[in-house]
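Respectively, the protein sequence lines represent chains H and S.
Just so you know, the first sequence maps onto residues 18 to 324 in the working numbering.
Just so you know, the second sequence maps onto residues 18 to 324 in the working numbering.
Ideal Cβ positions, reconstructed from N, Cα and C, are used throughout, including at glycine.
Protein chains: 2
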Amino acid sequence: MRFTSNMAQIIDGKNMANQIHSELCKELSQFVAEGNPVPHLTAIIVGEDPASQKYVEKKTEACKKIGIRSRTIVLPESTTQAELLDVIDKQNKDESVNGVLVQLPVPAHIDERTVCNAIIAAKDVDGFNEINIGRLALDMNGIVPATPLGVKTLLERTNIPTFGRNAVVVGRSKNVGLPLSILLHSDGSHATKGLDATVTICHRYTPAKELAKYCRQADIIVVAVGKPGLITKDMVKPGACVIDVGITRVQDEAGKYKLVGDVDFDEVRQVAGHITPVPGGVGPMTVAMLMQNTILAAKKQAADRAN
Amino acid sequence: MRFTSNMAQIIDGKNMANQIHSELCKELSQFVAEGNPVPHLTAIIVGEDPASQKYVEKKTEACKKIGIRSRTIVLPESTTQAELLDVIDKQNKDESVNGVLVQLPVPAHIDERTVCNAIIAAKDVDGFNEINIGRLALDMNGIVPATPLGVKTLLERTNIPTFGRNAVVVGRSKNVGLPLSILLHSDGSHATKGLDATVTICHRYTPAKELAKYCRQADIIVVAVGKPGLITKDMVKPGACVIDVGITRVQDEAGKYKLVGDVDFDEVRQVAGHITPVPGGVGPMTVAMLMQNTILAAKKQAADRAN
């Protein structure tokens with residue numbers, strides 16, 4: 018395969034995440050050298066979903082690499098909501114625990130929102146508690162969900178200009194699309210250091226023609242839908258930055274499973290200026306940001322205890 | 018002056034607000050007839066800003082009309098933050114009080130955010146507490162800020178289609194632009210009954226040319242900036258709905274003061290399908306929504322006490 022000079026630069030999220038891991042490793046060493054306890058993350062899984070187990074494994078591996086202590090609590094599928102809330106409450110009260118996450122989805126008999134709000138804001142390293150979402154919306158210091166924070170960091174470290182530029186977010190999920198649209202449009206001089214872009218939020222009810230039009234006007238396209246092939250070459254302005262948060266498991270011609278994003282990568286890379294691959298783009302950044310959030314939480318808790 | 022048939026329909030916010038007031042009056046009578054105490058709103062003003070006094074007067078007048086008990090606490094400019102928080106705390110704890118608001122702005126020596134968060138979410142009828150903003154962002158039941166809720170209600174009661182339509186919000190303030198962009202883009206089947214529009218958020222760093230382009234693509238334009246004449250005829254698609262939240266006091270040729278919005282009303286009404294005037298558009302709807310929020314808060318508190 019020959020690469021021509023106008024092919025998009027592929028943003029290597031895995032490499033960037035590794036770089037961040039080593040920076041966090043140093044930051045953590047210094048924090049511990051100052052006499053603070055080693056940060057501790059508790060991950061809770063309810064049930065035996067193999068994807069959830071895999072995700073949590075990736076997170077605990079990253080903890081190990083950086084030097085964060087981690088513990089995984091695996092609860093049976095039959096766990097009641099009250100039992101899960103009790104487990105969360107113990108983690109909330111345990112001063113040796115700095116971060117708590119419940120791997121989503123939870124079984125259908127448990128209300129996800131109640132669970133997300135049960136983790137106290139200070140230990141909510143996923144940033145899904147209503148208080149952390151509220152703080153994000155208000156540009157206040159809090160904990161920002163890892164995937165949108167990963168996209169923001171990826172744009173910043175790739176030096177993609179965002180100030181006064183046009184951005185499109187495709188997908189209005191509460192874990193990715195909505196918080197990302199806030200980070201993209203909000204004020205760079207406030208605590209969350211927003212990106213000051215003009216932002217359009219598209220979603221399932223945006224007509225295809227309108228979606229294509231908004232995308233073509235965009236300097237930055239972030240897509241988080243879960244529909245392979247949604248973003249095609251004709252929808253992308255030459256030189257635009259295309260960030261693919263989608264992740265879908267599909268079977269190729271040979272019957273082998275592989276992970277693909279929402280962007281027609283082979284086509285779009287011919288017009289885009291920058292593009293993230295799937296896998297190896299946003300995914301590793303999500304894990305890195307979770308690590309960053311855990312250290313941030315530990316530091317804030319230490320500062321609060323000192324005051 | 019002659020009106021041609023292609024002149025925009027003027028949305029009479031004052032009339033709509035009066036209609037809502039009488040609906041709320043009936044709702045309140047029934048609530049009280051069921052044995053519940055008369056809902057009670059406390060408004061707090063710090064300092065002697067005449068505009069703040071005027072706004073609070075309008076709110077207490079509306080309370081009187083509907084049958085809500087209200088009390089205004091006026092504190093001197095020199096009030097410390099601790100003293101104000103103490104006053105708020107007493108209102109939070111007073112079971113006879115259902116809604117509490119602090120008229121903004123507060124004097125510079127008091128932190129506005131701390132004050133907004135000090136009012137407990139259940140009594141926060143302005144919807145500015147971080148928990149209420151978080152719930153709005155998550156499409157959960159909570160209290161929605163009055164001005165964006167007023168704009169939503171105004172669109173709904175005028176039967177402006179929003180599903181899958183293009184909307185532009187000009188201005189990213191936390192009290193209007195941001196919550197409104199959430200109400201406009203979010204899911205109509207969730208608790209907050211979002212409007213399912215494709216939404217573009219423009220702000221001070223959106224280049225003028227881009228602002229004009231996004232506005233021209235829009236079926237609905239909501240502008241909340243405070244810059245008279247910002248939205249001109251050439252920026253509006255024929256038939257679009259233009260909602261003007263801006264309110265600025267200017268002097269006319271004769272030296273007389275008048276209130277104007279952000280839209281060049283006389284020009285834009287020649288192309289728009291619907292338009293709100295200033296004054297008499299969004300303003301009265303804000304007051305009506307505050308009344309609605311107060312009754313909602315009282316009803317929720319009664320239901321919580323019954324459980």
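Span separating the alpha-carbon of residue i from that of residue j
i	j	result
P294/S	M302/H	48 Å
D269/H	G246/H	14 Å
R86/S	N149/H	34 Å
G116/S	V142/S	6 Å
T249/S	A154/H	30 Å
A34/S	P165/S	14 Å
K81/H	Q36/H	15 Å
K317/H	L118/S	31 Å
V104/S	I90/S	9 Å
V242/S	E100/H	49 Å
Y222/H	G181/S	5 Å
P124/H	S95/H	8 Å
I312/H	V55/H	9 Å
K226/S	Q234/S	13 Å
M18/H	V186/H	For M18/H, the predicted structure reports a pLDDT of 46, less than 50, and the residue's modelled location is therefore unreliable. A value from the coordinates is still provided. Each residue's alpha carbon lies about 32 Å from the other.
A320/H	N310/H	15 Å
V63/S	D204/S	38 Å
G263/S	K244/S	7 Å
A271/H	P224/S	50 Å
P93/H	V304/H	25 Å
G278/H	D29/H	15 Å
A139/H	T209/H	16 Å
P296/S	K275/S	9 Å
G188/S	H220/S	5 Å
M157/H	I199/H	12 Å
I83/S	A314/S	15 Å
Environment of residue i [buried if 16+ CB atoms lie within 10 Å]
i	result
H207/S	exposed
S69/H	buried
R88/S	exposed
A60/H	buried
Q120/H	buried
I177/H	buried
H126/S	exposed
K71/S	exposed
D7/S	A question about residue 7/S goes unanswered here, because the residues of chain S that appear run from 18 up to 324.
T131/H	exposed
L195/S	buried
L307/S	buried
R322/S	exposed
E51/S	exposed
Q108/S	buried
Residue span of the alpha helix (DSSP H) that contains residue i, given as start and end
i	result
G167/H	163 to 174
D283/H	282 to 285
A139/S	From DSSP, A139/S is part of no alpha helix (DSSP H); its letter is neither H nor E.
G144/S	Here G144/S belongs to no alpha helix (DSSP H), and DSSP marks it neither H nor E.
L155/S	No alpha helix (DSSP H) contains L155/S, which DSSP labels as neither H nor E.
N310/S	299 to 323
G194/H	194 to 202
A135/S	129 to 135
S69/H	67 to 83
I105/S	98 to 110
R233/H	225 to 233
CB-CB length for residue i against residue j, believed under 8 Å
i	j	result
I237/S	A163/S	That pair is no contact at about 19 Å.
G151/S	G151/H	3 Å
K212/S	T179/S	Note that residue 212/S corresponds to Leu in the displayed sequence, not to Lys. With a Cβ gap of about 4 Å, L212/S and T179/S count as contacting.
V239/S	V168/S	6 Å
H38/S	I218/H	About 34 Å; that fails the 8 Å criterion.
V280/S	V259/S	6 Å
First and last residue of the uninterrupted beta strand (DSSP E) at residue i
i	result
S87/H	86 to 92
H57/S	57 to 63
L118/S	116 to 119
In DSSP terms, what residue i is bridged to
i	result
N183/H	T215/H
Q26/H	H291/H
Q268/S	Y274/S
D261/S	V240/S
I248/S	V280/S
Residue i at chain B interface by Cβ criterion, 9 Å
i	result
N183/S	In summary, chain B is missing from the structure at hand, where the protein chains are H and S.
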